[in-house]
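Encoded as C-alpha cells, the structure appears first; notes follow it.
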Amino acid sequence: VKPISLTLSESAGIDRKCWPITRGIPLPEGVIRDPNVLRLSAADEIVSSQFRVLSRWPDGSIQWVLVDGQIDVGAHGTVRLCVRTAAEEIPSPDEPVETTETDEAVIVCTGPLRFTIRRDRVGLCESLQLGHRVDGSFAPDIDLSPDGVELWARIAEGASSGGTRRRIYGMGGICLARLAPDAWSVQIQESGPLRTVITCRAALELDAPMHHYAGYRPLQVIVRIHAYAGKPFLRILHTTVMSHDPRQVQVEALGLRWSLPEVKTLHCRYDAGAPTQLARGGAVHLAQVDDVTAHVETRGLSDSKTIDVERLDGWFTAEHTGDGLPWVLGVALRHMAEEGPKALQASVGPEGQAFLDALVYDHPDGKPLDLSRYAEEVAWHEGEGVWSDGTGTAKTSELFVLGIDANTVTAESCLRALLTQPPARIEPDHLANCAATGG
1 VKPISLTLSE SAGIDRKCWP ITRGIPLPEG VIRDPNVLRL SAADEIVSSQ
51 FRVLSRWPDG SIQWVLVDGQ IDVGAHGTVR LCVRTAAEEI PSPDEPVETT
101 ETDEAVIVCT GPLRFTIRRD RVGLCESLQL GHRVDGSFAP DIDLSPDGVE
151 LWARIAEGAS SGGTRRRIYG MGGICLARLA PDAWSVQIQE SGPLRTVITC
201 RAALELDAPM HHYAGYRPLQ VIVRIHAYAG KPFLRILHTT VMSHDPRQVQ
251 VEALGLRWSL PEVKTLHCRY DAGAPTQLAR GGAVHLAQVD DVTAHVETRG
301 LSDSKTIDVE RLDGWFTAEH TGDGLPWVLG VALRHMAEEG PKALQASVGP
351 EGQAFLDALV YDHPDGKPLD LSRYAEEVAW HEGEGVWSDG TGTAKTSELF
401 VLGIDANTVT AESCLRALLT QPPARIEPDH LANCAATGG
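One point on numbering: in the UniProt record's numbering, the residue at position 257 of the sequence shown is 257, and numbering is uninterrupted.
Written out as C-alpha cells, the structure is:
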C-alpha cells in the first residue's frame with residue numbers, strides 16, 4: 001500500500017515531548033485487512049503506536065482505522081508522519097498504560113498517575129494517586145482525590161408564564177449519581193499501551209427526602225476517560241442525556257466535583273489574574289458567561305469580591321504547599337468561552353475539606369439549560385400543534401485533569417497545551433482516493 005502522509009503542526013508556541021495524538025485514517029477499498037501490519041513513523045523511524053479498526057468496506061477490508069502515537073514537536077514546528085505497512089516490530093513505550101480489571105473495580109496506571117473506578121458501587125477516579133513505577137510496580141507518593149469525583153446536577157421545577165405556553169411541573173433540587181447505584185456501569189472501551197478509554201454510565205437521581213419521589217432520575221451521564229502512557233493527565237468527555245421531558249426539568253447547573261485532601265490553605269491560579277490564597281471557608285469562582293464576558297469571584301468567610309474580564313483560557317489549578325509533599329491538581333475546560341456558560345471553582349470548607357469543581361453548565365444569572373428540541377411557543381388554542389419533547393437530547397463537554405508535584409513548574413504550560421491540540425492533517429489526494437472528506 002502507498003504510504004499515507006500526515007502533517008502535525010504546532011501553532012501554540014509550546015514544545016511538546018512525546019505528545020499524544022489520535023487520528024482517524026481512511027484506507028482505500030480492498031487494500032488492508034489486518035491492522036497489525038500497519039506502522040506509524042516519524043522522520044523515517046517507526047515509533048510507538050496502536051491501531052484500532054473503526055469500520056470496514058463491504059469486501060471486509062479496512063475503511064477507517066484509528067491510530068495513536070506519541071510525537072515530539074517543537075514550538076511552532078511541523079513534523080511529517082507516515083502510516084505504512086512494515087514487518088518491523090512496533091517499539092513499546094517507556095511507560096505503557098497498565099489496566100487491571102476485576103469484578104469490583106478497574107485500576108488504570110499511566111506511570112506517574114494511578115486511579116481506580118469502582119464497579120461494585122458508584123466510584124469515579126477514586127484514589128487519584130501521584131507516584132512512580134519501581135521495578136514494574138507503582139509506588140504512590142500522594143493521594144490527590146481519595147473519594148474521587150462526584151457527578152451532580154441542580155434542577156428546578158417547571159414554570160408557567162401563561163398565554164399559549166404550556167408547562168408540566170417537575171421536581172427541583174440536587175441530583176447525584178451515587179444515589180442510583182443500580183444504574184452505574186463501567187466498561188473498558190479501548191485498551192492499549194499508549195491509550196486506554198474507560199466508559200462509565202450513570203443516572204442522576206434527585207436527592208428528595210419524600211419516599212414517593214424516590215427514584216426520580218431526570219438525567220443520565222456518560223463519562224469517557226482517556227488515559228495516556230507516561231502522562232499525568234486524563235482527558236474526560238462528559239455527556240449529559242435528558243431522560244425526561246425537558247419541559248418538566250430545567251437544568252440550572254451540571255458539574256464534576258473532585259474531593260481534595262484536607263488543607264489549611266489552598267493556592268489557586270488561573271490565566272486572568274494573580275495567584276489567590278484560600279483559607280478555610282474561602283472559594284474562587286471563575287464564570288464564563290459567553291465568548292466575551294467572564295466574572296471572577298473570590299469569597300471569604302465575611303466578604304466577597306468580583307472582577308470582570310473579557311475571556312478566560314479555561315484552566316484552573318489548586319496547589320498545596322504546606323505540610324507533606326506539595327501537589328497541584330489542575331482542570332481545564334476546552335472551548336470554555338465558546339461553549340459557555342461554564343465555570344471552574346475551588347473551595348475550602350470550614351473544617352479544611354477542599355474541592356475543585358468543573359461546571360460544564362452554570363449561568364451566573366440562573367438561566368436554565370434548554371434541552372428541548374425546538375421552541376414550545378405553539379398556538380395551543382388553534383389545535384394540539386407540534387409536540388416539542390426533547391427526551392434523548394444530549395450535551396457533551398471536553399475537559400482535562402492534571403496532577404503533578406508542586407515543585408515542578410509545568411502545570412500551566414501543560415494545561416495550555418491540552419487546550420490547544422496540534423492537528424494532524426492528511427494529504428487531500430489520499431482522502432479523495434478513499435472517497436473520504438475532511439483533512
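Just so it is clear, CB atoms sit at the ideal spot from N, CA and C, and this is done for glycine as well. As the structure is a computational prediction, the values presented were derived from the model and not from experiment.
Residue state for Pro326 is assigned as coil, using DSSP reduced to three classes. Taking a cut-off of 8 Å for Cβ pairs, the segment 102-117 and the segment 227-245 touch, as three or more such pairs fall below it.
With contacts defined by Cβ atoms closer than 7 Å, His320 and Thr306 do not form a contacting pair. Secondary structure note for Leu124: its beta strand (DSSP E) is the uninterrupted segment 123-134. Judged by DSSP in its simplified three-state form, His244 adopts coil rather than helix or strand. Inside the segment 58-105, DSSP marks whole beta strand (DSSP E) runs of 3 or more residues at positions 62-73, 78-85, 98-101, from first to last along the chain. Around the beta carbon of Ser347, 16 or more other beta carbons lie within 10 angstroms, which makes this residue buried.
Taking Asp94 as reference, the option from Gln345, Leu369, Arg133 with the minimal CA-CA separation is Arg133. The C-alpha of Thr239 is placed about 20 Å away from the C-alpha of Lys367. When secondary structure is reduced to three states using DSSP, Cys434 falls in the coil class, being assigned neither helix nor strand. Within the DSSP bridge table, the entry for Pro20 names Gln70 as partners.
Annotated as proximal: Arg154 and Ala253, with beta-carbon spacing under 7 Å.
In its own chain, leaving out the 5 sequence neighbours on each side, no residue places its CB closer than 6 Å to the CB of Glu339. Residue environment for Thr22: buried (at least 16 other C-beta atoms within 10 angstroms of its C-beta). Residue Lys342 holds the alpha-carbon nearest to the alpha-carbon of His285 among Val186, Arg224, Lys342. Looking at the DSSP output, Trp184 shares a beta bridge with no other residue. Where Leu418 is concerned, the enclosing alpha helix (DSSP H) starts and stops at 411-419. Nearest to Leu206 by alpha-carbon distance, out of Trp152, Pro193, Pro35, Ser5, is Trp152. Under the three-state reduction of DSSP output, Pro428 falls in the helix class.
Closest by C-alpha distance to Gln50, out of Ala42, Ala436, Ala43, Gln70, is Gln70.
Taking C-beta atoms as the reference points, Leu266 and Leu278 count as a pair closer than 7 Å.
With fewer than 16 other CB atoms across the displayed protein chains lying within 10 angstroms of its CB, Thr102 is exposed. Gln189 counts as exposed, since fewer than 16 other beta carbons sit within 10 angstroms of its beta carbon. With fewer than 16 other CB atoms across the displayed protein chains lying within 10 angstroms of its CB, Val292 is exposed. Of the candidates Asp290, Ser41, Asn433, the residue whose Cα lies closest to the Cα of His335 is Asp290. Counted as a single uninterrupted DSSP element, the beta strand (DSSP E) harbouring Thr116 occupies residues 113-118. Just so you know, the alpha carbons of Trp64 and Asp44 end up roughly 23 Å apart.
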